[in-house]
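Line by line, the protein sequences give chains U and X. When we follow the working numbering, the leftmost residue of the first sequence carries the number 4, and every step to the right adds one. When we follow the working numbering, the leftmost residue of the second sequence carries the number 3, and every step to the right adds one.
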Amino acid sequence: MIEVSGLWKIFGDASAKAHRMASDGASRAEIQEQTGALVAVKDVSFSVAPGETFVVMGLSGSGKSTLIRCLARLIEPTSGDISICGADVIALSADGLRDLRRHRLSMVFQHFGLFPHRTVVDNVAFGLEVRGVPRADRRERALELIGTVGLDGWADHHPQQLSGGMQQRVGLARALAVDPDVLFFDEPFSALDPLIRRDMQDELIALQLRMQRTLVFITHDFSEALRLADRIAIMRDGEFVQVGTAVEIVTNPADDYVAAFTQDAPKAKVLTADHAMEPIERFDGDVGSLARVGRWTVLEDFIPRLLSTPDPLAVAGDDGEVIGVVSHADVARLLAPPARAAAEAAPLETRP
Amino acid sequence: MTVAPAADGATRSAPGWPQSTLARVGIWVAVGVALTWVASRLLGSVGEFPQSWDVGLAEPISDARGWLIDNQRTHWLYTAILDPFSDVTEGAIEALESTLLWIPWYSYVGIAGLGLWWTRGRAAGLLGVAGASYFGVLDVWEQGLSTLSLMGVAVTCAVVIGVPIGVWSSRSDRVQRVARPVLDAMQTFPGFVYLIPFTLLFSFGPVTSLLATLIFALPPIVRATDLGIRNLPPGLIDAAAMSGATERQTLIKVRFPLARPAILVGLNQTINMALSLVVIAALIGAGGLGGSVLRALQTLQVGAAAESGLAIVVMAILLDRFFSGLADPTSRHDPARVKLLAIAMIPATLVGGILGWTTFPSQLTWSFAGGIDRAVEWAQVNLFDIADSGIGTGPFSDFITIRFITPLRELFAQDIPWPVMIGLVAAIGLALSGWRLAAGLAAALAAIGLLGMWELSMDTVAQCIVAMAMTLMIGVPVGVLTARYDRVRAAIRPILDFLQTIPSFVLLVPVIMLFNVGRVPGIMAAVLYALPAAIHYTDLGLRGVPAATREAATSFGATGRQRLLKVDLPLAAPQIMVAVNQTIMLVLSMVVIAGLVGGGGLGLETVRALRRSDSVGTGFEAGIAIVLLAAILDRVTRAIADRLSPPSAAR
């Protein structure tokens, strides 16, 4: 659905020289020192399958916002290829780009980007309005989506009369109103309170289960990425340092930078019995008497059952065969912080 | 306090920016005064600016005027371009005026009442009814409509021209770069100098008034449109783009509606400025309320001047209240009922118009001119020198004139020889900014001399300095108070709003009541005119000091006074210099208008020229001198403001 290859974005005049330096392995700081140009996105390639939720996670300044703006061509990339729904986005004329945005691609913004002079329903209908849909039709469609995001009865209010979470529901409804194949989310929930953020994430997960769109989601919140993503890309200094599923990243971080995020990650929500178990071959007791747990059950879901018995649990494979055994110690080992981190933490406590 | 040597490289790097600047300024001033004194002694014999150097712009311009008058019936410039243009414009103004005269009087009362009710509530609606009735009661109905129609055409033109320019400038940085200095310049000069060049082409009449008004009133609407469209949250434009809106759709559906309040604020300023200039245009024969005030002032019928002057103020206030209310979309009252009444007014207006019920019933008219005249007489007898105590308007006038205006004028015009004056101004420019400013200032001042306007200009400068000093002496402390006490601010605010809505010309009326004619009433009017700006910018600057900075000072045990002197005022200094800049520009424009009431200086010369067509050349010269003076004063105060800004954050 989305194919990106060799995408670069360099801010500043000396982009050619900066491009060369970056390709030769110079760091972002060095390049900025010497050329004044900022390499915001550096040779990024990835693809997103239809119906997939692809999350780009990075800290502020990592280039993630620039990346999604390049994908949407809200800013022009310096070089690279982008294909969305089969359209060569870089080569599109202004008309073609507009057509793509009117029919196949929508975006939800960090600060909502709602029009304060329009009511909720007119905000939601905006995309249909600029596309030329007759007034009655677009209102009907907008009201339907306002219902979908749970804002029935708010259609004729102005956005500033709504709470932050409700405003972003309007933003979501507006993006969905044009029935797009691809949705871009630029840190849509980071301006919200933690509890509201959680609700919105749940809502998005539920919607996505029903609608099966292709989503590209930008966030600086690692646990948000873990909750929503089919695959996660970790971005740093304009580059993707690791791309993989939540489990791949948590169990096998590519470098210390990624590992630092995974340390505080809620592993019990990500890792499954499959990761914790000992293979059946190494177990010499009677498997038949043990309680069973599915191979892909996350730790959080079977820990209570494990704690209620002194015995380990038997892990069933996809075909129902017992393929391993998971014990208290196995789970504890998986969740405990790495030994190195523990050793580093110790001297701190003895400081005067 | 140890004083560091001024131009020593070692001390320049010393930290402690405020103290070292103060010390350096002190040294500069001391050295400057000493040098000026020495140079004045040495060059004492040079005397006045040599008359023989006068470039004599007056004659060629008067000649050109003569040629234009001789040829205006035959030459293609008139027959093909200027005459059709004047015909169309005059036609528009006349058509509007006759339409306005056709509408029955009670419709105006209704429109004013309903408009203010809708935008500001019922009490304001009653104010509108009373305000519109005032014109009928005092029998200034026709003058009011004449002023309104000239202003209406000017404002319509300003919107038709200004909004597209504003949109264009908001869409293109290059256009903005070109437009900005032009708009700055248009706003720097006192409005009525714009009358002079157009009298050359169009003689006296409504077209000249219209064009001058248009130029004077255009900048706010252009600026407001530009800024209103530019300063939108960027997310909204991205959102529109991602919905697939075209540039045009974005402009119409997003940018314009969002910029509407800002544009309406600009429109309100444009209307306010247009009204003030339309009134001044009485000087070149425009009738209306301004004409009534001017005629009354010339014959010292203060009561009649007050009646018409107050009518102008009423018109200004009604318009200002309505349009500032309109600019705030959250401020709407009883829309359903107002709409119903407005619809009901349409047939009432048509019926009244057809039946000719246009004039205000004469049995309701009334005049307070006589009362005012008696009050003024009483004041001139009793307040001139209250109980022979030496306190009163007379001794006050004499005190200001003898102690300040006259010595200053003599200092500038005679005691300091002109080369020293130019050198001094150049030195100020050099100290503040650099060679470019120094050269510019010196050239501007020299040009004033070459125009033969040296002495008159120094007279005007002396008046400006006195008025500015008085304004700041009152305005800055009041600004400090309003910044500190919200209650003082709330109490003073309506007075300032009121003063700011009064067109400059009208302010002459009350000061003449108290001070008769001469230089002092002009200066008092200038103080009144500039005071709101001085207070407002001081208040703004002090309120802009971050709360955290102020709390830090308090937490170190600073007293209120210490905090004000060591933290608040230094940080607010650039804003306060904006207050000084605005004050001096307003004072200059008022001092010039005060030429009307015997203020002398450049204003008198210009006014004289505007009255008689044969001296238009001299008027032109005086006008250029005013423009040059304005530019000099503006640049100097701005340069000081730049110097006072704290070092900005590291690159």
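Virtual Cβ for every residue (Gly too), placed ideally from N, Cα, C.
Is Ala-8(X) helix, strand or coil when you go by DSSP?
Reliability fails at Ala-8(X), whose pLDDT of 38 lies under 50, so the model's placement of it is uncertain and the value that follows must be treated cautiously. If DSSP states are grouped into helix, strand and coil, Ala-8(X) belongs with coil.
Can you tell me which of the three DSSP states Glu-79(U) falls into?
coil
Cβ contact check for the segment 179-187 of chain X and the segment 314-322 of chain X: 3 or more pairs under 8 Å
no
Please tell me whether Gly-268(X) has its Cβ less than 8 Å away from any Cβ of chain U.
no
Mind listing the chain X neighbours of Arg-305(U)? Cutoff is C-beta to C-beta under 9 Å, in chain order.
At residue 305(U) the sequence reads Phe, which differs from the Arg that was named. Per Cβ cutoff of 9 Å: no residues; Phe-305(U) is ~43 Å from chain X at best.
Please state the DSSP three-state secondary structure of Trp-368(X).
coil
Pro-350(U) versus Ala-332(U): straight-line alpha-carbon distance, rounded
Annotation note: pLDDT 48 at Pro-350(U) (below 50); position unreliable, coordinate value reported separately. Roughly 26 Å between the two C-alpha positions.
Is there a C-beta anywhere in chain U that falls below 8 Å from the one on Asp-330(X)?
no
I need the boundaries of the alpha helix (DSSP H) containing Thr-222(U), first residue and last residue.
Here Thr-222(U) belongs to no alpha helix (DSSP H); instead the beta strand (DSSP E) covers 217-222.
Range of the contiguous alpha helix (DSSP H) that encloses Ala-17(U)
Premise fails: Ala-17(U) is in no alpha helix (DSSP H) and is neither H nor E.
Let's test the definition: count the other Cβ atoms within 10 Å of the Cβ of Leu-357(X) and tell me whether it reaches 16, buried, or not, exposed.
exposed
Segments assigned beta strand (DSSP E), at least 3 residues, entirely inside the segment 564-631 of chain X
none
Among residues of its own chain, excluding the 5 on either side of Pro-199(X), which ones have a beta-carbon nearer than 8 Å to its beta-carbon?
Phe-622 and Gly-625
What residue range is occupied by the uninterrupted alpha helix (DSSP H) comprising Arg-339(X)?
Looking at the DSSP string, the run of the alpha helix (DSSP H) that includes Arg-339(X) is 337-357.
At a CB distance below 7 Å, what residues from the segment 184-206 of chain U approach chain X? Give them in sequence order.
none
Assuming contact is defined by CB atoms lying nearer than 8 Å, are Pro-259(X) and His-120(U) in contact in what I supplied?
yes
Any C-beta of chain U under 8 Å from that of Leu-410(X)
no
From the DSSP secondary-structure annotation, give me the bridge partner or partners of Met-60(U).
Met-60(U) pairs with Thr-222(U) and Ile-237(U).
8 Å Cβ cutoff met for Gly-174(U) and Val-111(U):
Yes. Within cutoff.
Once you ignore the five residues that flank Pro-534(X) on each side, which residues in its own chain have a CB closer than 7 Å to its CB?
Leu-498, Leu-501 and Gln-502
Look at the Cβ atom of Glu-284(U), then the Cβ atom of Val-328(U), and state whether they are nearer than 8 Å.
No, these two residues do not count as a Cβ contact at 8 Å.
Determine, using beta carbons only, whether Val-133(U) and Ala-247(X) come nearer to each other than 8 Å.
yes
Mind checking if Phe-129(U) is an interface residue toward chain X, Cβ cutoff 8 Å exclusive?
Yes - at least one Cβ of chain X is within 8 Å of the one on Phe-129(U).
Contacts that Arg-134(U) makes with chain X (C-beta to C-beta distance below 7 Å):
Ordered by position in chain X, the residues that pass the 7 Å Cβ test against Arg-134(U) are Gly-246.
From this set, Leu-588(X), Arg-405(X) and Tyr-531(X), which residue's C-alpha is nearest Phe-191(X)'s C-alpha?
Leu-588(X)
Ser-109(U) versus chain X: which residues are under 8 Å apart at the beta carbon?
Met-244 and Ser-245
When DSSP labels each residue in this structure, what does Ile-326(U) get in the three-state scheme?
strand
DSSP beta-bridge partners for Glu-108(U)?
The sequence given here has Leu at residue 108(U), not Glu. DSSP, once it has assigned bridges, lists Val-185(U) as partnering Leu-108(U).
Would you call the segment 30-47 of chain U and the segment 179-197 of chain U touching, i.e. three or more CB-CB distances under 8 Å?
no
Quick check: Leu-426(X) and Thr-38(X), are their CB atoms within less than 8 Å of each other?
yes
Please report the residue range of the beta strand (DSSP E) in which Leu-316(U) lies.
316-319
Can you confirm whether Leu-2(X), when its beta carbon is compared against all beta carbons of chain U, has any partner nearer than 8 Å?
What the structure shows of chain X is the stretch from 3 to 653, and residue 2(X) is not part of that stretch, so it cannot be assessed.
Taking Lys-270(U) as part of the beta strand (DSSP E), name the residues at either end of that continuous run.
That residue, Lys-270(U), is in no beta strand (DSSP E); its alpha helix (DSSP H) goes 270-273.
In the DSSP assignment, what are the bridge partners of Glu-132(U)?
Beta-bridge pairing links Glu-132(U) to no other residue.
Contact belief for Val-131(X) with Val-111(X) at Cβ below 8 Å, rounded distance in angstroms:
5 Å
Please classify Ile-13(U) as buried or exposed, where buried requires at least 16 neighbouring CB atoms within 10 angstroms.
buried
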